[in-house]
């Protein structure tokens, strides 16, 4: 299969790597030529087992990127209007049977409204952690059954497990994950349990990381943004707890900054004992009890 990946950022780089591993031919597009070459170099370093130079082309020309491909995967960081405009332009250069896929947390239905053939549009959301292999196939109101089946097959070719979901705020996986996270934060905030004990209560095992540790890994600023969006489009079940807002305001964003709900050292979250020392320190303003 010939795949055009739009956007040479982290998501585009990841999509390119997945497609190459699946044996697809890739054209990587970005308006920034340096970003394209840097991404191809980075992908090559992660795929030492395969010579990728014959299987990926980089370009700053949109028409040359998408002409003749079977599937276009938009990984750009644009909002709904920007994605709609981009895919409307893409549609001018592709065959009638080409599938247009957006990797997004935005409404795929809204993006597809600009297309002459909106039934060819669908969305993808790679569920964290990546090890789960779950990939939400987002079905816009206009998505045809044929498009759904082709995107499902594409996900399986990438080694993923497709999960078909209707286009709705938060889709399915994110809503379930964030609902659990909000309750875990409230348990800590109200003094019912400590951070590690709340995570243990959620997972029932010490072998898996709980919702608070996973939130740290994702980045608490991103979590807060997602919750604010869901709270505004759904209801106050997703209203971000004050403890989360305080962590973000203090610059404690999780693993990336070394501290969030946990203290992170060498890529690992702190133990219960270490957290106890932190939370007992003079001047600490945590509500974790």
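In UniProt numbering, the protein residues as written are 1 to 289.
Glycine included, every Cβ here is placed at the ideal spot set by N, Cα and C.
According to DSSP, is residue 6 helix, strand or coil? Reading the chain shown from its first residue, position 6 is the one you call residue 6. Note: residue 6 maps to strand in three-state DSSP.
List the DSSP bridge partners of residue 115. To locate residue 115, count along the chain shown from 1; it is residue 115. Partner(s): none; residue 115 has no beta bridge.
Contacting residues, own chain, Cβ-Cβ under 8 Å from residue 147 (five flanking each side not counted): Counted from its first residue, the chain shown places residue 147 at position 147. Same-chain partners within the cutoff: 99, 119, 120, 121 and 122.
What do you reckon, are the CB atoms on residue 29 and residue 73 nearer than 8 Å? Mapped onto the chain shown, residue 29 falls at position 29. Mapped onto the chain shown, residue 73 falls at position 73. Not a contact, by the Cβ cut-off of 8 Å.
Is the CB of residue 274 under 8 Å away from at least one CB in chain C? Structure shown: chain C not included; a single protein chain is present.
Which residue from 143, 24, 217 and 175 puts its Cα closest to that of residue 260? Position 260 of the chain shown, counting from 1, holds the residue named residue 260. Of the listed residues, the one whose Cα sits closest to residue 260 is 217.
How is residue 269 classed by DSSP in three states: helix, strand or coil? As a working mapping, residue 269 is identified with position 269 in the chain shown. Three-state DSSP puts residue 269 in a strand.
For the stretch 151 to 158 against the stretch 184 to 202, do three or more pairs of beta-carbon atoms, one drawn from each stretch, fall closer than 8 Å, so that the two count as touching? no
CB-CB under 6 Å to residue 104, same chain, minus the five flanking residues each way: which ones, in chain order? Within the chain shown, residue 104 is the residue found at index 104, counting from 1. These residues qualify, in order along the chain: 123.
CB-CB under 7 Å to residue 166, same chain, minus the five flanking residues each way: which ones, in chain order? Within the chain shown, numbered from 1, the residue matching residue 166 stands at position 166. Cβ within range, chain order: 139.
With 16 as the cutoff for other CB atoms within 10 Å, does residue 96 come out buried or exposed? Sequence index remark: in the chain shown, residue 96 carries index 96 (1-based). The residue in question, residue 96, is exposed, as its Cβ has fewer than 16 Cβ neighbours within 10 Å.
With a Cβ-Cβ cutoff of 8 Å, do residue 178 and residue 126 count as a contact? Counting from 1 along the chain shown, the entry for residue 178 is found at position 178. Counting from 1 along the chain shown, the entry for residue 126 is found at position 126. Taking C-beta atoms as the reference points, residue 178 and residue 126 fail to come closer than 8 Å.
Residues in its own chain within less than 6 Å of residue 144 by CB, not counting five upstream and five downstream? As a working mapping, residue 144 is identified with position 144 in the chain shown. These residues qualify, in order along the chain: 119.
For residue 281, count neighbouring C-beta atoms within 10 Å of its own C-beta (all shown protein chains included) and say buried if the count is 16 or more, exposed if not. Position 281 of the chain shown, counting from 1, holds the residue named residue 281. Interpretation of residue 281 is limited by its pLDDT of 44, a score under 50 that renders its predicted location unreliable; the figure taken from the coordinates is listed afterwards. Exposed.
Say whether the stretch 195 to 208 touches the stretch 239 to 251, bearing in mind that this needs 3 or more beta-carbon pairs closer than 8 Å, one atom from each stretch. no
Tell me, to the nearest whole angstrom, how far the beta carbon of residue 9 is from that of residue 60; I am working on the premise that it is less than 8 Å. What you label residue 9 is simply residue 9 of the chain shown in a count that begins at 1. What you label residue 60 is simply residue 60 of the chain shown in a count that begins at 1. Not quite, the Cβ-Cβ distance comes to about 15 Å (not below 8 Å), so this is no contact.
Is the distance from the Cβ of residue 275 to the Cβ of residue 263 below 8 Å? Position 275 of the chain shown holds residue 275. Position 263 of the chain shown holds residue 263. In contact: residue 275 and residue 263 (Cβ atoms closer than 8 Å).
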